[in-house]
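Chemist: Dumping the structure here so I can ask a few things about it.
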Amino acid sequence: MNERTAYGPPPGHQTTAVEVHTPTPLTPSHTAPLMPAQPGTIPTVASIVLPDGRVVTGYAVSTLRPEPLAAKPVVSRTAVNIALGGVGFLAACGGLLLLTAFITALTALVTQLVILAAVIFGGWIAVQVFSASGHKGGTTVNIRKAVIKRNHFRG
45 MNERTAYGPP PGHQTTAVEV HTPTPLTPSH TAPLMPAQPG TIPTVASIVL PDGRVVTGYA
105 VSTLRPEPLA AKPVVSRTAV NIALGGVGFL AACGGLLLLT AFITALTALV TQLVILAAVI
165 FGGWIAVQVF SASGHKGGTT VNIRKAVIKR NHFRG
């Protein structure tokens, strides 16, 4: 076995022992229970003789029919989800539009109140400035020629 052949190892080559690992088969954790078959359901065994004299024995294979496909819905779930997302986005945008309109109206109201306060307060100040200060009633004296001596008025 370790003899040299024409196709053997090159000179100086040393052979080493090879370890062979045989895998251990895994046993299934649980097996499906076997259902006893009814005698009428066991297929019959068919034998065929080939031209060279060999005999092939086996079960007849019936043609498999594909399972009918499940009826697809008219509208896909993805399309429905996209549509619902669009409706939600539209509702949020509508709410934001109402919020924006409310803020604009509130800003206009505050501006008008500030202007009204300025007009009223300004009018009150104007009345205070331009009205007669001091006595409201009394005698009006027109002084044309007057002589004032020692803080005494003579007219």
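Per our numbering, the sequence shown starts with residue 45, numbered consecutively. We treat Cβ as the ideally placed atom computed from N, Cα and C, and that holds for glycine.
Can you tell me where the alpha helix (DSSP H) with V173 in it begins and where it stops?
Modeler: R121 to F174
Chemist: Hey, could you find the ends of the beta strand (DSSP E) Y103 is sitting in?
Modeler: V99 to Y103
Chemist: Do V89 and Y103 have their CB atoms nearer than 8 Å?
Modeler: Closer than 8 Å, so yes.
Chemist: Please state the DSSP three-state secondary structure of Q89.
Modeler: According to the sequence displayed, residue 89 carries Val and not Gln. DSSP places V89 in strand when its eight states are reduced to three.
Chemist: Can you tell me the Cα-Cα spacing of T151 and I159, whole angstroms?
Modeler: Taking the CA atoms as reference points, T151 sits about 12 Å from I159.
Chemist: Take T101 and list the residues in its own chain whose beta-carbon comes closer than 7 Å to its own, dropping the five residues that flank it on each side.
Modeler: V89 and S91
Chemist: Distance check for R121 and E111, CA to CA, integer angstroms please.
Modeler: 23 Å
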